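Residue numbers (my numbering), protein chains in the order written: chain R, 1 to 417; chain F, 1 to 159.
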Amino acid sequence: MRGLIALAGAGLVGALASGRPELALIAMPFLVFAGVGLVLAREPRLAVEIELDRTRLLEGSDAMATVRVRNDGGGPVQIEVALLRSRNLTLDPAGAVGILLRAGGHSELAFDVRPQRWGSHAVGPAVVRARDLLGVTTWEGRLGRRADVRAFPREQRLRELVAPLRTQPFLGTHVARVRGEGIEFADIRPFRAGDRVRHINWRATARRGAPQVNDRHPEHSSDVVLLLDTFEEARDRAGGTLDDAVRAAAALARACLARRDRVALVDFGGTLHWLEPAFGATQLYRIIDALLSSDIAFSYAWRNVDSIPLRVLPSGALVLAISPLLDERSLAMVTDLRRRGFDLTVIEVSPLDHASPGESGDDAVAFRLWRLQREAMRARLQSLGIGVAVWARDGDLGPALEGVNRFRRSARPAMRA
Amino acid sequence: MLLAALAALVLADASTASQLAWLGAAVALVFLAIGMALGSASAVHVAVAVLGGIFLLRHDTRLLLAPVYGAGLLLVEDLAIQTIELRGVGVVALDVVGARTAGVLAIATIGAVAAAAGALAVTAAPGRSVALTALGALAAVAAVAVIAWVARRRYRASE
Numbered sequence: 001m002r003g004l005i006a007l008a009g010a011g012l013v014g015a016l017a018s019g020r021p022e023l024a025l026i027a028m029p030f031l032v033f034a035g036v037g038l039v040l041a042r043e044p045r046l047a048v049e050i051e052l053d054r055t056r057l058l059e060g061s062d063a064m065a066t067v068r069v070r071n072d073g074g075g076p077v078q079i080e081v082a083l084l085r086s087r088n089l090t091l092d093p094a095g096a097v098g099i100l101l102r103a104g105g106h107s108e109l110a111f112d113v114r115p116q117r118w119g120s121h122a123v124g125p126a127v128v129r130a131r132d133l134l135g136v137t138t139w140e141g142r143l144g145r146r147a148d149v150r151a152f153p154r155e156q157r158l159r160e161l162v163a164p165l166r167t168q169p170f171l172g173t174h175v176a177r178v179r180g181e182g183i184e185f186a187d188i189r190p191f192r193a194g195d196r197v198r199h200i201n202w203r204a205t206a207r208r209g210a211p212q213v214n215d216r217h218p219e220h221s222s223d224v225v226l227l228l229d230t231f232e233e234a235r236d237r238a239g240g241t242l243d244d245a246v247r248a249a250a251a252l253a254r255a256c257l258a259r260r261d262r263v264a265l266v267d268f269g270g271t272l273h274w275l276e277p278a279f280g281a282t283q284l285y286r287i288i289d290a291l292l293s294s295d296i297a298f299s300y301a302w303r304n305v306d307s308i309p310l311r312v313l314p315s316g317a318l319v320l321a322i323s324p325l326l327d328e329r330s331l332a333m334v335t336d337l338r339r340r341g342f343d344l345t346v347i348e349v350s351p352l353d354h355a356s357p358g359e360s361g362d363d364a365v366a367f368r369l370w371r372l373q374r375e376a377m378r379a380r381l382q383s384l385g386i387g388v389a390v391w392a393r394d395g396d397l398g399p400a401l402e403g404v405n406r407f408r409r410s411a412r413p414a415m416r417a
Numbered sequence: 001m002l003l004a005a006l007a008a009l010v011l012a013d014a015s016t017a018s019q020l021a022w023l024g025a026a027v028a029l030v031f032l033a034i035g036m037a038l039g040s041a042s043a044v045h046v047a048v049a050v051l052g053g054i055f056l057l058r059h060d061t062r063l064l065l066a067p068v069y070g071a072g073l074l075l076v077e078d079l080a081i082q083t084i085e086l087r088g089v090g091v092v093a094l095d096v097v098g099a100r101t102a103g104v105l106a107i108a109t110i111g112a113v114a115a116a117a118g119a120l121a122v123t124a125a126p127g128r129s130v131a132l133t134a135l136g137a138l139a140a141v142a143a144v145a146v147i148a149w150v151a152r153r154r155y156r157a158s159e
């Protein structure tokens with residue numbers, strides 16, 4: 001607008017100064033344009049609503065955001081609408097959308113919404129730029145309420161899980177070490193008062209000449225504590241170790257709850273959050289909701305096992321620590337838990353995939369040293385009887401857990417000694 | 001294309017000052033290209049001002065072409081500004097550009113008619129005098145002042 005008036009003014013002044021009326025005549029359309037444009041321009045009265053067709057979805061899948069724009073003003077307006085969004089959310093179309101709305105008209109704009117990462121994301125409000133029909137005046141503002149979309153982590157299907165050393169006296173799917181009512185055969189022993197007649201092993205009784213009964217292992221559940229390390233992460237453009245750790249935690253929680261275990265969650269990092277152990281589908285949604293708010297919170301505070309409430313770490317629980325093993329505090333925590341007698345397995349979300357060896361020779365040597373240090377640290381943990389499953393990005397968690405089970409089978413005698 | 005047509009209109013009748021006219025047209029083209037490439041409205045305004053200035057290089061002093069030339073300049077200016085304004089917009093509905101261009105075309109026609117009426121008045125006038133120049137200056141200042149005042153009021157109201 002200022003440019004138009006300046007051009008018209010320059011033309012008029014030039015005409016007066018040079019005595020050439022042509023310049024004034026050339027400036028005349030500009031003057032008329034500015035004058036008519038200003039007279040016709042009205043402040044737009046716009047209303048914007050943002051609606052999502054789905055508010056819960058898996059990361060990487062799509063939802064549709066519909067932006068309804070209504071022009072309640074008295075004249076037509078050109079409108080550019082762009083949606084504000086969270087960092088890990090992509091929109092299609094990515095830029096603004098330009099439309100023309102007549103007086104009293106409305107329009108619906110569709111944006112494809114895709115969360116690139118699990119978490120809670122915001123779509124909106126809309127940034128709207130409106131111009132009158134001639135583009136003489138422009139208004140800008142934010143309209144509409146933001147809509148939230150929760151993206152759940154992609155989960156792997158786990159065929160095999162870490163078998164717990166101890167079970168709890170609740171009905172479950174693990175064959176307990178103790179003997180009692182169950183299906184799995186354990187041993188044959190002489191009949192005692194109180195034994196059921198249906199448990200008598202008649203063949204053994206005939207052979208030994210005295211009543212013998214079958215002993216069985218009952219099927220029990222176990223307590224599983226998922227310990228998510230949020231002290232530190234390795235991150236590159238494609239993602240970070242926390243992203244993978246949350247995916248692993250969600251997959252483990254689902255699998256453990258499916259085999260009727262009680263599952264607890266401890267988000268152990270700069271800030272401490274926890275969920276007490278519980279069974280069932282409700283607990284799964286609680287855990288996933290808690291995982292969605294996980295984040296790396298930088299802190300110098302030294303935390304140890306004493307920071308965690310006792311009721312979250314029941315005795316005999318299987319602790320699955322999901323960590324990139326980058327922070328001294330997480331290492332100390334893991335070691336401390338093992339020394340206190342917890343049945344512990346570390347799922348190491350490998351940070352190596354997020355780091356490059358560098359270009360120079362020195363960088364390559366430093367990278368190799370770092371890898372050797374990590375191997376030494378892993379060996380140190382294994383010497384304490386802690387199974388370590390290394391999970392590489394895009395890898396399968398199942399085979400890594402199978403490796404841990406193999407280690408735990410051989411490590412058990414050493415643990416008892 | 002419109003810029004080239006306007007420049008050609010000047011170059012066709014600028015025999016003795018054709019080099020200057022060529023230079024002016026080239027400068028205007030460069031400024032317009034820079035303005036559209038960098039999204040600078042100021043560069044576009046400079047281009048339009050230069051293109052308006054070279055109209056004085058025409059030998060034919062009849063005033064009837066000036067209104068058409070001014071309308072053409074207004075169209076060039078608005079099309080360039082539209083290009084700049086829609087730079088960051090991913091999807092643009094066709095009627096956005098169409099309606100605005102039609103509106104500007106209509107206003108440019110009205111402006112050209114008004115300018116033609118002015119041209120007729122100038123040719124009918126008895127010649128240059130101090131009183132007429134003062135009246136012209138007063139009218140020019142008043143026109144710009146009124147527009148600036150309206151614009152200021154509108155901006156203040158929207159703030």
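Ideal Cβ placement from N, Cα and C applies to all residues, glycine included. All figures in this text were calculated on a predicted structure; none of them were measured in a lab.
Quick check: what's the CA-CA separation for residue i versus residue j?
{"i": "Glu-159(F)", "j": "Ser-86(R)", "result": "Legend: pLDDT at Glu-159(F) = 48, less than 50; position of this residue unreliable, value from coordinates given subsequently. Looking at the two C-alpha atoms, the distance is approximately 29 angstroms."}
{"i": "Gly-136(F)", "j": "Val-89(F)", "result": "43 angstroms"}
{"i": "Ala-63(R)", "j": "Leu-100(R)", "result": "26 angstroms"}
{"i": "Met-36(F)", "j": "Val-97(F)", "result": "16 angstroms"}
{"i": "Ser-383(R)", "j": "His-121(R)", "result": "43 angstroms"}
{"i": "Arg-406(R)", "j": "Leu-165(R)", "result": "13 angstroms"}
{"i": "Glu-51(R)", "j": "Ser-107(R)", "result": "14 angstroms"}
{"i": "Gly-385(R)", "j": "Ala-411(R)", "result": "6 angstroms"}
{"i": "Leu-112(R)", "j": "Asp-243(R)", "result": "Sequence check: residue 112(R) is Asp here, not Leu. Distance between the alpha carbons of Asp-112(R) and Asp-243(R) is about 23 angstroms."}
{"i": "Ala-47(F)", "j": "Gly-144(R)", "result": "40 angstroms"}
{"i": "Gly-361(R)", "j": "Gly-3(R)", "result": "58 angstroms"}
{"i": "Ile-183(R)", "j": "Val-319(R)", "result": "27 angstroms"}
{"i": "Ser-294(R)", "j": "Val-266(R)", "result": "10 angstroms"}
{"i": "Ile-200(R)", "j": "Arg-262(R)", "result": "34 angstroms"}
Taking only three categories from DSSP, how would you classify residue i?
{"i": "Thr-123(F)", "result": "helix"}
{"i": "Trp-370(R)", "result": "helix"}
{"i": "Met-377(R)", "result": "helix"}
{"i": "Phe-443(R)", "result": "Chain R is shown from 1 up to 417; residue 443(R) falls before or after that span and cannot be answered."}
{"i": "Gly-398(R)", "result": "helix"}
{"i": "Glu-49(R)", "result": "strand"}
{"i": "Ser-222(R)", "result": "coil"}
Using 7 angstroms as the limit for Cβ to Cβ distance, is residue i near chain F?
{"i": "Gln-78(R)", "result": "yes"}
{"i": "Leu-7(R)", "result": "yes"}
{"i": "Pro-357(R)", "result": "no"}
{"i": "Glu-22(R)", "result": "yes"}
{"i": "Pro-44(R)", "result": "no"}
{"i": "Leu-91(R)", "result": "no"}
{"i": "Gly-73(R)", "result": "no"}
{"i": "Gly-124(R)", "result": "no"}
{"i": "Leu-12(R)", "result": "yes"}
Taking only beta-carbon positions, decide if residue i is within less than 7 angstroms of chain R.
{"i": "Phe-31(F)", "result": "no"}
{"i": "Ala-121(F)", "result": "no"}
{"i": "Val-91(F)", "result": "yes"}
{"i": "Ile-110(F)", "result": "yes"}
{"i": "Leu-56(F)", "result": "yes"}
{"i": "Ile-107(F)", "result": "yes"}
{"i": "Gly-70(F)", "result": "yes"}
{"i": "Ala-43(F)", "result": "no"}
{"i": "Gly-35(F)", "result": "no"}
{"i": "Gly-118(F)", "result": "yes"}
{"i": "Gly-103(F)", "result": "yes"}
How far does the beta strand (DSSP E) with residue i in it extend, from its first residue to its last?
{"i": "Pro-169(R)", "result": "168-175"}
{"i": "Val-89(F)", "result": "89-92"}
{"i": "Val-263(R)", "result": "262-269"}
{"i": "Thr-335(R)", "result": "It is not in any beta strand (DSSP E) - Thr-335(R) instead sits in the alpha helix (DSSP H) that spans 328-339."}
What span of residues does the alpha helix (DSSP H) with residue i cover, start to end?
{"i": "Ala-253(R)", "result": "241-258"}
{"i": "Ile-288(R)", "result": "280-292"}
{"i": "Pro-424(R)", "result": "Residue coverage of chain R in this structure runs from 1 to 417, which leaves residue 424(R) outside it and unanswerable."}
{"i": "Arg-203(R)", "result": "202-208"}
{"i": "Trp-139(R)", "result": "Where Trp-139(R) is concerned, there is no enclosing alpha helix (DSSP H), although the beta strand (DSSP E) it sits in stretches over 138-143."}
{"i": "Gln-82(F)", "result": "65-85"}
{"i": "Trp-22(F)", "result": "18-38"}
Members of the region 97-120 of chain R near chain F, C-beta cut-off 8 angstroms
Val-97, Gly-98, Ile-99, Leu-100
**Asked** What residues in the region 25-41 of chain R have a beta carbon less than 8 angstroms from any beta carbon of chain F?
**Response** Leu-25, Ile-26, Ala-27, Met-28, Pro-29, Phe-30, Leu-31, Val-32, Phe-33, Ala-34, Gly-35, Val-36, Gly-37, Leu-38, Val-39, Ala-41
| Under 9 angstroms (Cβ pairs) to chain A, residues found in the region 133-149 of chain F | The question asks about chain A, but that chain is absent: this structure's protein chains are R and F.
Beta carbons nearer than 8 angstroms to chain R: which residues of the region 73-99 of chain F have them? Listed in sequence order: Leu-73, Leu-74, Glu-77, Asp-78, Ile-81, Gln-82, Glu-85, Leu-86, Gly-88, Val-89, Gly-90, Val-91, Val-92, Ala-93, Asp-95, Val-96, Ala-99.
### Query
According to a CB-to-CB cut-off of less than 8 angstroms, which residues of the region 240-254 of chain R neighbour chain F?
none
Which residues, in order along the region 128-144 of chain R, keep a beta-carbon less than 8 angstroms from a beta-carbon of chain F? Arg-131, Leu-133, Leu-134, Gly-135, Thr-137, Trp-139
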